[in-house]
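Protein chains: 2
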Amino acid sequence: MTKPSFEIWIELASTYSHVAVHVAERAAAARGVGITWRTFLLGPIFRAQGWGDSPFNLYPVKGAYMWRDMERLCGNHGIPFRRPSQFPRNGLLAARVVTAAEGQPWLGELLRGLYRANFAEDRDIADPGCVRAVLAAAGCDAPDAVLAEAGSDRIKHQLRERTEEARRRGVFGAPSILVGDELFWGQDRIDDALTWYLSRAGQP
Amino acid sequence: MTKPSFEIWIELASTYSHVAVHVAERAAAARGVGITWRTFLLGPIFRAQGWGDSPFNLYPVKGAYMWRDMERLCGNHGIPFRRPSQFPRNGLLAARVVTAAEGQPWLGELLRGLYRANFAEDRDIADPGCVRAVLAAAGCDAPDAVLAEAGSDRIKHQLRERTEEARRRGVFGAPSILVGDELFWGQDRIDDALTWYLSRAGQP
Chain A
1 MTKPSFEIWI
11 ELASTYSHVA
21 VHVAERAAAA
31 RGVGITWRTF
41 LLGPIFRAQG
51 WGDSPFNLYP
61 VKGAYMWRDM
71 ERLCGNHGIP
81 FRRPSQFPRN
91 GLLAARVVTA
101 AEGQPWLGEL
111 LRGLYRANFA
121 EDRDIADPGC
131 VRAVLAAAGC
141 DAPDAVLAEA
151 GSDRIKHQLR
161 ERTEEARRRG
171 VFGAPSILVG
181 DELFWGQDRI
191 DDALTWYLSR
201 AGQP
Chain B
1 MTKPSFEIWI
11 ELASTYSHVA
21 VHVAERAAAA
31 RGVGITWRTF
41 LLGPIFRAQG
51 WGDSPFNLYP
61 VKGAYMWRDM
71 ERLCGNHGIP
81 FRRPSQFPRN
91 GLLAARVVTA
101 AEGQPWLGEL
111 LRGLYRANFA
121 EDRDIADPGC
131 VRAVLAAAGC
141 DAPDAVLAEA
151 GSDRIKHQLR
161 ERTEEARRRG
171 VFGAPSILVG
181 DELFWGQDRI
191 DDALTWYLSR
201 AGQP
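If you read the sequences in order, they're chains A and B.
In terms of this note's numbering, the first sequence opens at residue 1 and continues consecutively.
In terms of this note's numbering, the second sequence opens at residue 1 and continues consecutively.
#1: Excluding the 5 residues preceding and the 5 following A/A100 in the sequence, name in chain order all residues of the same chain whose CB lies nearer than 6 Å to its CB.
#2: Taking the Cβ atom as the reference point for each residue, do A/G113 and A/A137 lie within a distance shorter than 8 Å?
#3: Measuring alpha carbon to alpha carbon, tell me which residue in B/D181, B/R31 and B/N76 is nearest A/Y65.
#4: Which of helix, strand or coil does DSSP assign to A/F209?
#5: Is any beta-carbon of chain A found at less than 8 Å from that of B/Q49?
#6: Using the C-alpha atoms, what's the distance from A/P55 back to A/M70?
#7: Does the stretch 187-199 of chain B come within contact of the stretch 12-31 of chain B, defined as at least 3 CB pairs closer than 8 Å?
#8: For the beta strand (DSSP E) that contains A/L183, what are its first and last residues?
#9: Measure the Cβ-Cβ separation of B/I8 and B/A24 and say whether it is below 8 Å.
#10: Looking at chain A, which residues of the stretch 35-65 of chain B have a Cβ within less than 8 Å of any of its Cβ atoms?
#11: Under the DSSP definition of a beta bridge, which residues are partnered with B/I35?
#12: Under a CB-based cut-off of 8 Å, is A/R67 close to chain B?
#13: Here's a check: name, in chain order, each residue in its chain whose Cβ is nearer than 6 Å to the Cβ of A/S85, leaving out the five neighbours to either side.
#14: What residues in the stretch 153-183 of chain A bring their beta carbon closer than 7 Å to a beta carbon of chain C?
#15: If you measure beta-carbon to beta-carbon, which residues of the stretch 3-23 of chain A are closer than 9 Å to chain B?
#16: Would the beta-carbon of A/R162 fall within 8 Å of that of A/R38?
#17: Is B/H77 buried or exposed, if buried means 16 or more other CB atoms sit within 10 Å of its CB?
#18: To the nearest angstrom, how far is the alpha carbon of A/D124 from that of B/H22?
#19: I need the boundaries of the beta strand (DSSP E) containing A/S176, first residue and last residue.
#20: What residues of chain A sit near B/D188, judged by a beta carbon separation below 9 Å?
#21: Measure how close the beta-carbons of B/R89 and B/A13 come, nearest whole angstrom, since I'm counting them as under 8 Å.
#22: Have a look at B/R82, B/V61, B/R83 and B/V134 and flag the residue whose alpha-carbon is nearest the alpha-carbon of B/V97.
#23: Which residues in the same chain as A/R132 place their Cβ atom closer than 8 Å to its Cβ, once the five residues preceding and following it in sequence are excluded?
#24: Could you name the residues of the same chain whose beta carbon sits closer than 8 Å to that of B/D115, not counting the 5 residues immediately before and after it, in chain order?
#25: Output the distance between the C-alpha atoms of A/Q104 and B/L159, rounded to the nearest integer angstrom.
#26: Ends of the alpha helix (DSSP H) at A/F46?
#27: Between the C-alpha atoms of B/P60 and A/V171, what's the straight-line distance to the nearest angstrom?
#28: Are B/L58 and B/L92 closer than 8 Å when you measure CB to CB?
#29: Please classify B/V173: is it buried, with 16 or more other beta-carbons within 10 angstroms of its beta-carbon, or exposed?
#30: Does DSSP put A/A64 in a helix, in a strand, or in coil?
#31: Quick check on A/E206: does DSSP put it in helix, strand or coil?
#32: I want to see whether chain B comes within less than 8 Å of A/R200, judged by CB atoms only; does it?
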């Protein structure tokens, strides 16, 4: 049996993805599992459900809970967090940059840097200058080349395809974990997903 | 400092509340905490958000996930589960009966019996005959008296007040855990809520 990958699907503007990129690699490594990060856009998926904005803005009671929950979760995990002055921020540029950076050894650092920029430092990840600085800090030695690649038709197409793949595989929020056809929604289900992965796919 | 109660707010028609009533008492007892069950109605709260039906029906992709997630969760916890032929069922009668049964030593058994009737045995908890049988099986020796009390103005009023209290305290889904002003949403946050409760309120 072919072992499926352990995929965590994230959206650059998503608050709970901020928690996931900070906790998942350690949790997975502790159980001998490597993560495949997959970046997609929630906007088209939300619009298909009739939402023109984040559900946390459309449903303020849920939004108020989410911000308090983020404070608690980040506090518990020692993750820097400060509610940004704008939510959601436009994550398109950052998502393209992450897509262009797949396979790079500094991908995890890039992800954490972009989420910290948005959700701890209140910086605008739609600004190429911000993204360039985060790329450099993550260990990328050619940030301008990555930014150029991020604007290419190949990467734009790849991100659209990824978003369509997410929708087709039942993803409706972020972060989501996919192990083959099995979907787990939310950063608080990473352990359940790891247990599922290991029991179905065998130890590495 | 007065120790707040550890309140779990449930809605009789809610799938994830089925998991909560089966796992929470043991999880809380293991940490020396007693649960105060609080029953309310999600219908008025959903309607205030513009939803005329369960979000799991309004957003079928989310609904498909929830049913699969319930299978997995109940399997993991050894909780009987079978997707009911009707969802959501009208939980008003059952909610009034549970409200009338507060303080009874068999309240936990009643809750588990009602949720199993709905979510494992595909029985209609809106049917007084079904509720009477579950009351008797739970250890209530006067089911008809409880059913009569459940139809009283006092209990109807109390359930309306509870629902209003839930809304006022920020509850937007079920199960929800309230420790004073602190809200935790979802059966998968019971442990977090227990940790919060014990750290803030001191050991019992």
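We put the beta carbon where it would ideally sit given N, CA and C, even for glycine.
If you're wondering where the values come from, they're calculated on a predicted model, not measured in any experiment.
The short version:
#1: V146, E149, A150 and I155
#2: yes
#3: B/D181
#4: Nothing can be reported for residue 209 of chain A, as the shown portion of chain A is limited to 1 through 204.
#5: So yes, B/Q49 belongs to the interface.
#6: 15 Å
#7: yes
#8: E182 to W185
#9: yes
#10: Q49, Y59, V61, K62, A64 and Y65
#11: B/F6
#12: Correcting the residue identity first, residue 67 of chain A is Trp in this sequence and not Arg. No, no contact with chain B.
#13: Result list for A/S85: D122, in chain order.
#14: The question asks about chain C, but that chain is absent: this structure's protein chains are A and B.
#15: none
#16: yes
#17: By the beta-carbon neighbour count (other beta carbons within 10 angstroms, threshold 16), B/H77 is exposed.
#18: 45 Å
#19: S176 to V179
#20: G186, D188, R189 and D192
#21: 5 Å
#22: B/V134
#23: P143, D144 and L147
#24: In the sequence on display, residue 115 of chain B carries Tyr and not Asp. L12, S17, H18, V21 and H22.
#25: 57 Å
#26: L42 to A48
#27: Going from the Cα of B/P60 to the Cα of A/V171 covers about 12 Å.
#28: Remark: C-beta atoms of B/L58 and B/L92 do not approach each other more closely than 8 Å.
#29: Val is not the amino acid found at residue 173 of chain B; the sequence shown has Gly there. It counts as buried.
#30: Note: A/A64 maps to helix in three-state DSSP.
#31: Chain A is shown only over 1 to 204; residue 206 of chain A falls outside these bounds and no answer can be derived.
#32: Not one chain B Cβ lies under 8 Å of A/R200.
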